[in-house]
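Undergrad: Below: one structure in structure tokens.
Numbering (our numbering), first residue to last: 870 to 1313.
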């Protein structure tokens, strides 16, 4: 996918268009007029671009991005890769979108370690591409108009992002978590992004094309309240080359001064708004090919009332789906990897068995743990930042439930490849060198 992006950049050099008509998400290809623009590769006016799942990723995809307050209008253009037959435009007007102040004046740190208060007031845009073709690669870019401090109008073009829609029954994804992106310690983020590349290399050794999208299980930011952390993370190449579906982790849910809200995660993404009350866009569900994913917010389930609301929603979503495979994800761990002690599995095992959940994914504990098929397979990811890993001791609890644990200690980097076809799901744990440390298959 990253090689394809580079090819598309060459192909689209000089191809920048201004939409002459406002279009809806179901418009046909239309003719446009070329205009002179300036590149916005540093995110001066258009920033925070990320591709999120639509409710049905075979035909839908969501895009999230931000633009400075003085932006007058934005246009987003979508084309099929390798088939430049025209430009499909989606018109977005800044005045009709959300003025985001969630991150403004939050106490934070700059990359040089300097303390500062975030200056983060911007227009937040969300757009749904619909009527897409299944199993197809697309790319898009954003053109915006804004006025500078002297009142001079500018037109800027973002870099190019891409994604692949789901096919019917064969796809793969990188699964990663807990890299706590923190600009004063940039190797955290670079370690995780390198691990994404390692998973892609392994996937290419198996299918030649690499994986199709990325699933993150939370704690991607050290402090979710620091918009500058999200902004820098979204500039990384893997975020431009894939759809990322993610969870709200406890770190993503807090500011430096421990102000807690799911709005930090909500306004950094554009997930489907099909969650329950108060969790729209934070808890959500989507299908990718033959698989349903149900995404939970662990922070909303700290007491029995919150847990029951989540369980009721999950039950309804699972029972309403006829997907071949069903996967539920939350940030917190199923077991404590240090010794195997019971954690979130006690809250969910009965419902997962009742509703036929095939795979339950968690994170947070920084130690990889895989259960036996119970019949649900429980897996939690290791950390991936080479800094905040955990040591593990003797397995003294749940020996009958736990099949495998793995960690590199305090300096751990690991991630998984999830491969799905008509009959099975296979999870493969890779270390930083691409060496397989564990593998498990669910067959149906």
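Virtual Cβ for every residue (Gly too), placed ideally from N, Cα, C.
1. Who pairs with residue 1157 in a beta bridge, going by DSSP?
2. Does the Cβ of residue 1233 have 16 or more other Cβ atoms within 10 Å, making it buried, or fewer, making it exposed?
3. Sorted by chain position, which residues of the same chain lie with C-beta nearer than 8 Å to residue 1132's C-beta, five sequence neighbours on each side aside?
4. How many Å lie between residue 1155 and residue 1020 at the Cα?
5. Can you tell which of 1035, 1198, 919, 1066 has its C-alpha closest to the C-alpha of residue 1249?
6. Mapping DSSP to helix, strand and coil, what is residue 1107?
7. Along the chain, where does the alpha helix (DSSP H) that runs through residue 1042 open and close?
8. Starting from the C-beta of residue 1108, find all residues in its chain whose C-beta is less than 6 Å away, skip the five residues before and the five after it, and write them out in chain order.
9. For the segment 1012 to 1037, list the beta strand (DSSP E) runs that are entirely contained and at least 3 residues long, ordered along the chain.
10. Output the distance between the C-alpha atoms of residue 1033 and residue 1000, rounded to the nearest integer angstrom.
11. Starting from the Cα of residue 1216, find the closest Cα among 925, 1181, 1189, 1194 and give me that residue.
12. How about residue 1017 and residue 990: do their beta carbons lie closer than 7 Å?
13. Just how far apart, CA to CA, sit residue 1056 and residue 1295?
14. When you compare only the Cα positions, how much space is there between residue 901 and residue 943?
15. Using a Cβ-Cβ cutoff of less than 8 Å, which residues in the same chain neighbour residue 1128 once the five nearest sequence positions on both sides are dropped?
16. Which whole-angstrom value describes the C-beta separation of residue 1281 and residue 1252, a residue pair presumed to lie in contact below a C-beta threshold of 8 Å?
17. Less than 8 Å between the CB atoms is what I'm expecting for residue 1005 and residue 929, so what's the real figure, rounded?
18. Starting from the C-beta of residue 1308, find all residues in its chain whose C-beta is less than 8 Å away, skip the five residues before and the five after it, and write them out in chain order.
19. In the DSSP output, what is residue 1277 paired with across the bridge?
20. So if DSSP puts residue 1289 in a beta bridge, which residue, or which two residues, is it bridged to?
21. Would you list the residues sitting across from residue 992 in a DSSP beta bridge?
22. Look at the alpha carbon of residue 966 and the alpha carbon of residue 1138, and state the distance between them as a whole number of angstroms.
23. Judging by CA-CA distance, which residue of 1177, 925, 1176, 1284 is the nearest neighbour of residue 1343?
24. If you reduce the DSSP assignment to three classes, tell me which class residue 1092 lands in.
25. For residue 1119 and residue 1007, what's the separation of their Cα atoms in angstroms?
26. Whose C-beta lies closer than 6 Å to the C-beta of residue 1300 among residues of the same chain, with five residues either side of it excluded?
27. What do you get for residue 1116, buried or exposed, if any count of 16 or more other CB atoms within 10 angstroms of its CB means buried?
28. For residue 895, collect the residues of the same chain with a Cβ closer than 6 Å to its Cβ; drop the 5 residues on either side in sequence, then sort them by chain order.
29. Return the first residue and the last residue of the alpha helix (DSSP H) that residue 1175 is part of.
30. Can the beta-carbon of residue 1038 be found less than 7 Å from the beta-carbon of residue 1208?
31. With the cut-off set at 7 Å, would you say residue 1310 and residue 1293 are in Cβ contact?
32. For residue 1051, which beta-bridge partners are listed by DSSP?
33. Which same chain residues end up closer than 7 Å to residue 1188 when comparing Cβ atoms and leaving out the 5 residues on each side of it in sequence?
34. Check for me: the beta strand (DSSP E) holding residue 1217 runs from which residue to which?
35. With DSSP collapsed to three states, give me the class of residue 1246.
TA: Put simply:
1. Here the question's residue 1157 lines up with position 288 in the chain shown. In the DSSP output, where bridge partners are listed per residue, residue 1157 has 1160.
2. Working through the chain shown from its first residue, we reach residue 1233 at position 364. With 16 or more other Cβ atoms within 10 Å, it is buried.
3. Counting from one through the chain shown, the residue named residue 1132 turns up at place 263. If we look at residue 1132 and ignore the five residues flanking it on each side, its Cβ neighbours are 971.
4. Walking along the chain shown from the start, residue 1155 turns up at place 286. Walking along the chain shown from the start, residue 1020 turns up at place 151. Approximately 43 Å, taken between the alpha carbons.
5. As a first step, residue 1249 is located in the chain shown; it is residue number 380 there, counting from the start. Minimum Cα distance to residue 1249 is reached at 1198.
6. The sequence position of residue 1107 within the chain shown is 238, counting from 1. Reduced to three states, the DSSP call for residue 1107 is helix.
7. Mapped onto the chain shown, residue 1042 falls at position 173. Per DSSP, residue 1042 belongs to no alpha helix (DSSP H); it is in the beta strand (DSSP E), 1040 to 1045.
8. As a working note, residue 1108 is residue 239 in the chain shown. Correct list, in chain order: 919.
9. 1022 to 1026, 1030 to 1033
10. In the chain shown, counting from the first residue as 1, residue 1033 sits at position 164. In the chain shown, counting from the first residue as 1, residue 1000 sits at position 131. Spanning the two alpha carbons is a distance of roughly 14 Å.
11. Counting from one through the chain shown, the residue named residue 1216 turns up at place 347. Nearest option by C-alpha distance: 1181.
12. Position 148 of the chain shown, counted from the start, is the residue given in the question as residue 1017. Position 121 of the chain shown, counted from the start, is the residue given in the question as residue 990. No.
13. Residue mapping note: residue 1056 aligns to position 187 of the chain shown, counting from 1. Residue mapping note: residue 1295 aligns to position 426 of the chain shown, counting from 1. About 30 Å.
14. The residue you call residue 901 lines up with position 32 of the chain shown. The residue you call residue 943 lines up with position 74 of the chain shown. Unreliable placement is indicated for residue 901, whose pLDDT of 33 sits below 50; the coordinate value is still reported in the next sentence. Straight-line Cα distance between these residues: approximately 15 Å.
15. If you number the chain shown from 1, residue 1128 lands on position 259. Cβ neighbours of residue 1128 beyond the five flanking positions: 975, 1094.
16. Reading the chain shown from its first residue, position 412 is the one you call residue 1281. Reading the chain shown from its first residue, position 383 is the one you call residue 1252. Your pair residue 1281 and residue 1252 checks out as a contact, with CB atoms roughly 5 Å apart and the cut at 8 Å.
17. As a working note, residue 1005 is residue 136 in the chain shown. As a working note, residue 929 is residue 60 in the chain shown. For residue 1005 against residue 929, the beta-carbon gap comes to about 12 Å, at or over 8 Å, which does not count as contact.
18. One-based indexing of the chain shown puts residue 1308 at position 439. Around residue 1308: 1295, 1296, 1297, 1298.
19. Numbered from its first residue, the chain shown carries residue 1277 at position 408. DSSP lists no partner for residue 1277.
20. What you label residue 1289 is simply residue 420 of the chain shown in a count that begins at 1. Residue 1289 pairs with 1040, 1294.
21. Reading the chain shown from its first residue, position 123 is the one you call residue 992. DSSP output for residue 992 lists 936, 968 as bridge partner(s).
22. Counting from 1 along the chain shown, the entry for residue 966 is found at position 97. Counting from 1 along the chain shown, the entry for residue 1138 is found at position 269. C-alpha separation (whole angstroms): 14 Å.
23. For residue 1343 there is no data in the structure shown, the boundaries of the chain being 870 and 1313.
24. The residue given as residue 1092 occupies position 223 in the chain shown. Note: residue 1092 maps to coil in three-state DSSP.
25. Numbered from its first residue, the chain shown carries residue 1119 at position 250. Numbered from its first residue, the chain shown carries residue 1007 at position 138. Near 33 Å, if we compare the C-alpha coordinates of residue 1007 and residue 1119.
26. Position 431 of the chain shown, counted from the first residue, corresponds to residue 1300. Here the set comprises 1283, 1306.
27. Numbered from 1 along the chain shown, position 247 holds the residue referred to as residue 1116. Flag for residue 1116 reads buried.
28. As a first step, residue 895 is located in the chain shown; it is residue number 26 there, counting from the start. Here residue 895 scores only 29 on pLDDT, less than 50, and its place in the model should not be relied on; the value that follows carries that caveat. If we look at residue 895 and ignore the five residues flanking it on each side, its Cβ neighbours are 1000.
29. On the chain shown, residue 1175 is found 306 positions in, with the first residue counted as 1. Residue 1175 -> alpha helix (DSSP H) spans 1173 to 1188.
30. Residue 1038 sits at position 169 when you count from the first residue of the chain shown. Residue 1208 sits at position 339 when you count from the first residue of the chain shown. It is not a contact, given that the beta carbons lie outside the stated cut-off.
31. Indexing the chain shown from 1 puts residue 1310 at position 441. Indexing the chain shown from 1 puts residue 1293 at position 424. In this structure, residue 1293 lies closer than 7 Å to residue 1310 by Cβ.
32. Residue mapping note: residue 1051 aligns to position 182 of the chain shown, counting from 1. According to DSSP, residue 1051 bridges with nothing at all.
33. The residue you call residue 1188 lines up with position 319 of the chain shown. Answer for residue 1188: 1224, listed in chain order.
34. Taking the chain shown and counting its residues from 1, the one referred to as residue 1217 is at position 348. Premise fails: residue 1217 lies in the alpha helix (DSSP H), 1214 to 1224, not in any beta strand (DSSP E).
35. Position 377 of the chain shown holds residue 1246. Of the three classes helix, strand and coil, the one that applies to residue 1246 here is strand, per DSSP.
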